[in-house]
Amino acid sequence: MSITPYLTLAAILFCIGLYGALSKKNAIIVLLSIELMLNAVNLNLIAFAKYGPKPGLAGQIFSLFNITVAAAEVAVGIAILINLYRNRGTTDVTDMDTMKR
Amino acid sequence: MANDFTSYAWLVPLFPLLAFLVLIAAGRQLREAGAYISIVAMLASFVLALLIFFERLGHTTDYTWNQLKWLTIGDFQLNMGFEVTNLNALMLVIVTLVSLLVNIYSKGYMHGDERVNVFFSYIQLFSFAMLGLVISVNVLELYIFWELVGVCSFLLVGFWYFKPEARAAAKKAFIVTRVGDVGLFLGMLLLFWYMPGHSLDFSAIHNAFSQGKIDPSIATWIAILVFVGAMGKSGQFPLHTWLPDAMEGPTPISALIHAATMVAAGVYLVARTMDIFQASPDAMLVVAYVGGFTAIFAATIGTAQNDIKRVLAYSTVSQLGYMMMALGLGAATAGIFHLFTHAFFKALLFLGAGSVIHAVHTQDIREMGGLAGKMKITAWTFAIGALALSGIVPLSGFWSKDAILSAAFEHNQLLFWVGLIAAFFTAFYMARLFFLVFAGKPRSDAHAHESPAPFTFPLVVLAVLAVIAGFVFTPFNGWLGHWLGDHAEAETANWTVMILSTLAGLLGIGLGYVMYGKNSVSRDIVAGNAPWLYTLVYRKYYIDELYDVVFVRGLRLIGKAFELFDIYIVDGIVRLCSAAVVGIGRLGLRLQNGQVQTYGLATLLGLLILALALAGRRFFHLG
Amino acid sequence: MMHFLEQPFGWSNFFVFLLLGIVMLLIVLGFVTYAIYFERKVIGWMQFRIGPNRTGPLGLLQSVADVTKLLIKEDTIPRKAERQLFILAPVITFIPSFAAIAVLPFASNLFFADLDVGILYYVALSGISTIGIVLGGWASNNKYALLGGMRSAAQMISYEVPLVISVVGIVMMTGTLNLRLIVEGQAGGFWHWNFIPQIIGFVVFVIAGISELNRTPFDLPEAESELVAGYHVEYSGFRFAFFMLAEYVYVFAIASLTTVLFLGGWQSPLPVLDFIPGIILVPAQIFVHRLFLLLAARDAAAHPDRPAHGSRLAGAAAARDRQHFRQRDFNGIGGWGRMKGIMKGLGVTFKAMTAKKVTYAYPDVPLEMPDRFRGIQHFEPDKCIVCNMCAKICPTECITLTGKPNPDPEKKGKVIDTYDINFEICILCDLCTEVCPTEAIVMTNNFELSTYSRDELFKDMKWLTDNNENVRKENNSAAPKGGAKANA
Amino acid sequence: MLDRLIGFLSSGENLVFFVFSLVAICGAIFMISLTRVVHMVMALALTFLSLGGIYITLGAEFVGWVQVLIYAGAITILMIFGIMMTRHRGEAETEPQRPWHNGLLLVGAIVLFGILFYVIQNATITPQSAPVDPKDNTLQIGQLLFNQYVIPFEIMSVLLTVAFIGAIVVAKREED
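These protein sequence lines are chains L, B, H and D, in that order.
Going by numbering that gives the first Met the number 0, the first residue of the first sequence is number 0, and it counts up by one from there.
Going by numbering that gives the first Met the number 0, the first residue of the second sequence is number 0, and it counts up by one from there.
Going by numbering that gives the first Met the number 0, the first residue of the third sequence is number 0, and it counts up by one from there.
Going by numbering that gives the first Met the number 0, the first residue of the fourth sequence is number 0, and it counts up by one from there.
Structure below.
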């Protein structure tokens, strides 16, 4: 087993996440897609931690940090979303263009 | 010799300025007192000018004071100040004297006018500007006053602004002189550019041109451009059309500005910058021919006009043409001398005309007649003025005209004959005017009577001057030429010229007498036999119409074209720009739609393009 | 077990594991069954009741019957429910609960997995169950269910944090997340058990555990008085059973985990007791712990904070302080006041243990009714003089009777021939006994009339005569009110 | 081809990887293609779980279970919370009519994947040392976290604190 399948899987997941993040209307799904992209990154980190040029635990630790950041991001993101929903009555990303108006 | 008074020459324009300020500030409260303030101020100026003049007698070095720093551009420094030369001193006297007399005259003439104080304030402003022009130390200062004089002319011609003709005349005067002013301005720029040290001082100009430091072709250009300015101001052909129209202003104004002083400013300018012209024979020639042509041209028109002031106006144009011709022929002294005398007798004529108009309430000479009996002083003084203008011995006009004609006889026979014929016409129309107005029977039932003292006093003074002024410079008495620092050509009595000019004058008067005084020759002899000629002359050679067709219509056409150009091309470009901006904005708005996802997509595509470019670079082994 | 885990994976291993898994499943199921029974009994106990006692000896088969009923019940899914998620939710809840058991060691040589990150494994899986609960609440398309699900999820996520953090102390002491090694570290008497050095962790763990299990006082998600039953209000049949099963499996798991983490696992409390095999000790401890959990949890139920549970005590107290406690209820759970409440409740519970039960073993112990009770009539044909008074006065005309000439020719008059009462319409108004001059018809204290058919409610003379127990001793006719007195 | 596949799948790790990656990709694709938001979240939860499994096969036990705990346990539920607090039931996710946007995006995503795939296939990554022993690397992770990475760790804790306070402040109703 080499690193290639893992990296390929991560690339697939990243691209799917990218597509979701840029195409979905619902802000929650956009957040989810971003999480998927972060996960793809984590997969890369862990795969490199095992099969990379310099195996070690740094990759795992960084993926832990990554997970932490993701959790914080989701918490704040959901909070913002709820606030936004309360004020605007929608979670549609395409409606969130007040900067334009 | 001391410069006790000369060093205070700057006070001469200052008195009218003070009067102007007082009149403007005090306004209506002054009422009749305004006129007295003006008269007192002018009197002060006149006295000072006279003192300076006497101080200058026998004195040929110029007095210059230019210590007022006005402008510093880099190394170049422009100073203001004043300069008193003999020419200036003479001009000061002429201007202050005529102005004083006109002020006195106006006191009576403008009596009862609502805006009399405004009128006087304008006159004071004009006097200030004119005097400032005369003592200007450099061309730029002169130009400032030059324009100020123009403004005053505009204000005074349009003084009765409720008359449409007055408004139109004011505009015409302003615009036509502006054409000349542009020439002067361009000439000034050229002068500034080519003068050593960019100096605009008259003394520097004198030095530069008399020593030939300037390329003659440049000098030609400068001279012609300066002359264009002078043409505009002095009503030389083809910029003469405004001057007759300017007669719509009050008659004292016509006397002051459009006969004696302002129109003479062009002549003065040329005389002042004579060095430039003398550096360029071609320019001299142009000046001479334009002056000559104007002289005969305006004189012929004068024979057919029916408006008393217009006749005088064309006469003025014609006489100015004489002066120019004299300058162009190099006879500066003769030109200035003619200016000097002309100022007196033309002012006299205008004031007389004003007196007549005041009496009969019309300007049409066909409706006048037989006034000699009712208005003795006016008639006599007018007669003196007319004779002086016609060049009858020994009145002042004879001597000055003789000086010009003899100069022409010496230098240019053609111009001599032109001048002679013009003199004939001058005598003719003056005779026509006099006989129609004063002789014969009254043609209207207007109850005319002699004008009061403020009218007659200046008339008498001017009449006396018109008689004696000529004796300062006769072929037998040439000190004026020396005094003016001219080339001091020895005036020798040229009997041929004298006889011919006197003959022409007498012939003109005689013809006028037989046609209008005795009615022994039909007045319509020309109109009947050659109606086209009469009409041509009567319509002033269709110059105004020509201008209307060539310039006004043409300009209007060009203006229309420019308007279309402006609407469709310039505005089109502007609209195109705005449309492009709006379009780009719309596009930007579509891109900048406030949606993160669109930005994200743009970022992704940009990243991909970069990545592909990088990959392609490696793929094609480009680097 | 270690040697199994270390062997390479093969078919034989697979079957062994399968077998062990099934056995474990059965054990857990048995545990759940009897945990429910146990809980109901204990709650009954606390509430002066006897608890289930009808099905099987001492009601032991009650849970089995309930589960059987649930399993064979019709599977209903609300039409507006989110069908797939509605089906999926119990599964998502249930599977992790069983999977979590895998990591628990039961004895030094009995465990199914030897994970290095055992605690993390447990916490992670229990987190997945929460998704099922939220989903179930959401998929039901019911406001109460949704609120219950969200409360449940909020509470579970919230208390997962103290649950994990309370264990961190042990993890740091032991230096491992492996549950087996943690137990190994507690050998040598109960004073080596973790609950002593980690007493705060222990308390926090227990409280957080109760909360994780949604037991009172942390039963906000179910909140019967407000939300009917919380997230599973729309569930019935085996889907509901799955939820319940998951909940009780977690009860088992938390109890086991507490045992393993704090109470020494299979280590005997005293070196003297080392001879007892761990395989007995662990379940015993689990059971004790389970009891403790129940007591702690259900005592709050007994405490007047929660009138919803309907115990007499609670009801009485609640009537007094309802408003006060309602307010406190919403001020949040926890704090010393709450602990004090639990302690007080425990005291009440223990006091009530010996008190007389308010419920009976009913069919065996008949109900003592007051003498005034108007039960089913008892008829004595001998006393009847066929006066027809009773039939005449009956407001519902449920009595029909016929007489016949006295068979004894010496006596005149009639004797009763048939006497029927239609209990379908009888209102037990007592007028017939009032009016009877001879006390031939009297009231008893019996009242059971339930039958499978209405026809059987038509009682004849023989049945009435046989209904001779609990006859009211003092009948109305006996009262001195004038009129004829019975001589008999 | 088939032989190679069978050969690939005969290895236990490969099989596990194959199954998990299949599930992960399926979950991700379902996340994109499903219409109801809750279903999407569930599909993604499946992906998270599978990724946790892959982490464990990669010898990262601790990270794997943390992944399950955080992503499947916490983040998914938070997302469901978000859905429940923001959306009304029965609203299916209707895709916006943005054919240009979505078309370009699809092309972009595919091209990006192509580039990544090309790079991954052409990269040769050879471990310069033996893989670390996966046995009980939790301990080593802990030691590393508290020694070498203690500052990032502390920063993370600060970040988490700030984030959770911020989340509370932002989500709190104004009138409360």
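Think of the CB as a built atom: it goes at the ideal place given N, C-alpha and C, for glycine as much as any other residue.
Which one of the options has the shortest CA to CA distance from residue i?
i: R150(H); options: N121(D), S49(D), F80(D); result: F80(D)
i: T71(B); options: S120(B), W64(B), S198(B); result: S198(B)
i: A186(H); options: F237(H), S157(H), S107(H); result: S107(H)
i: L114(H); options: A59(D), V161(D), I167(D), L143(D); result: A59(D)
i: G402(H); options: W10(H), A390(H), P394(H), C425(H); result: A390(H)
i: L99(B); options: E140(B), A601(B), F550(B), L42(B); result: L42(B)
i: T432(H); options: L456(H), E367(H), R373(H), Y361(H); result: R373(H)
i: K382(H); options: A439(H), D273(H), I76(H); result: A439(H)
i: M30(D); options: I66(L), L17(L), N86(L); result: L17(L)
i: F125(B); options: Y108(B), S500(B), I143(B); result: I143(B)
In chain B, what lies closer than 9 Å to residue i by C-beta?
i: L12(L); result: Going along chain B, no residue has its Cβ under 9 Å from L12(L), so there is no contact; the nearest lies around 16 Å.
i: L105(D); result: Result: empty, since nearest Cβ-Cβ is about 11 Å, beyond 9 Å.
Does any residue of chain D bring its CB to less than 8 Å from the CB of residue i?
i: T67(H); result: no
i: F329(H); result: Below a pLDDT of 50, predicted positions are generally treated as unreliable, and F329(H), at 41, falls in that range; the measurement from the model is reported next regardless. Not an interface residue.
i: L603(B); result: yes
i: L176(H); result: yes
i: Y33(H); result: no
i: A318(H); result: Confidence is the limiting factor: at A318(H) the pLDDT is only 40, short of 50, which leaves the residue's position unreliable and the question unanswerable from this model.
i: V29(L); result: no
i: Y50(L); result: yes
Give the interface partners of residue i over in chain B, defined as CB-CB distance under 8 Å, in chain order.
i: L114(D); result: According to the sequence displayed, residue 114(D) carries Ile and not Leu. Those are L607, A610, L611, A614, listed as they occur along chain B.
Answer yes or no: does any C-beta atom of chain H fall closer than 8 Å to that of residue i?
i: V15(D); result: no
i: R88(D); result: Residue placement at R88(D) is poorly supported in this model, since its pLDDT is 47, which falls under 50; the coordinates still yield a value, given next. Closer than 8 Å: yes.
What are the residues that DSSP puts in a beta bridge with residue i?
i: W64(B); result: F81(B)
i: M442(H); result: Q376(H)
i: P404(H); result: K413(H)
i: A88(B); result: The partner list for A88(B) (beta bridge, DSSP) is empty, contrary to what the question assumes.
i: S135(B); result: F81(B)
i: L109(H); result: A106(H)
i: D306(B); result: D363(B)
I'd like to know if residue i contacts chain B, where contact means its C-beta is closer than 8 Å to some C-beta of that chain.
i: L17(L); result: yes
i: H100(D); result: yes
i: A170(D); result: no
List, in order along the chain, the chain H residues whose C-beta lies closer than 7 Å to that of residue i?
i: I76(D); result: T129, I130, V133, A152, I156
i: T137(D); result: D115, V116, L176
Examine chain L for any beta-carbon lying closer than 8 Å to the beta-carbon of residue i, and answer yes or no.
i: Q76(B); result: no
Who are the neighbours of residue i on chain L, taking C-beta pairs under 9 Å?
i: G599(B); result: L17, A20, L21
i: L1(D); result: By Cβ distance, chain L contributes nothing, its closest Cβ being about 18 Å from L1(D), past 9 Å.
Beta-carbon of residue i versus every beta-carbon of chain C: anything under 8 Å?
i: V92(L); result: Included in the structure are the protein chains L, B, H and D, with no chain C among them.
Counting only Cβ pairs nearer than 7 Å, list the residues of chain D close to residue i.
i: A123(H); result: W64, V67, L68, G72
i: W10(H); result: Ordered by position in chain D, no residue passes the 7 Å Cβ test against W10(H), which lies about 14 Å from the chain.
How would you list, in chain order, the residues of chain D whose beta-carbon sits under 9 Å from the beta-carbon of residue i?
i: T97(L); result: The premise fails here: T97(L) is roughly 17 Å from chain D at the closest Cβ pair, so nothing lies under 9 Å.
Check the Cβ of residue i against every Cβ in chain L and list those closer than 8 Å, keeping chain order.
i: L45(D); result: Those within 8 Å of L45(D) in chain L number zero; the least Cβ separation is about 12 Å.
Run down chain B in chain order and give the residues with a C-beta less than 7 Å from the C-beta of residue i.
i: V110(D); result: L607
Determine the chain D residues that contact residue i at a beta-carbon separation under 8 Å, and present them in chain order.
i: L84(H); result: V37, H38, M41
Next on the checklist: Closer than 9 Å between beta carbons: that is the criterion. Which residues of the region 142-154 of chain H meet it against chain D?
Outcome noted: Those residues of the region 142-154 of chain H that come within reach of chain D (Cβ to Cβ, closer than 9 Å) are L145, G148, M149, A152, A153.
Checklist entry - Using Cβ-Cβ distances below 9 Å, what residues of the region 32-46 of chain L are close to chain B? => result Cβ contacts with chain B: none found.
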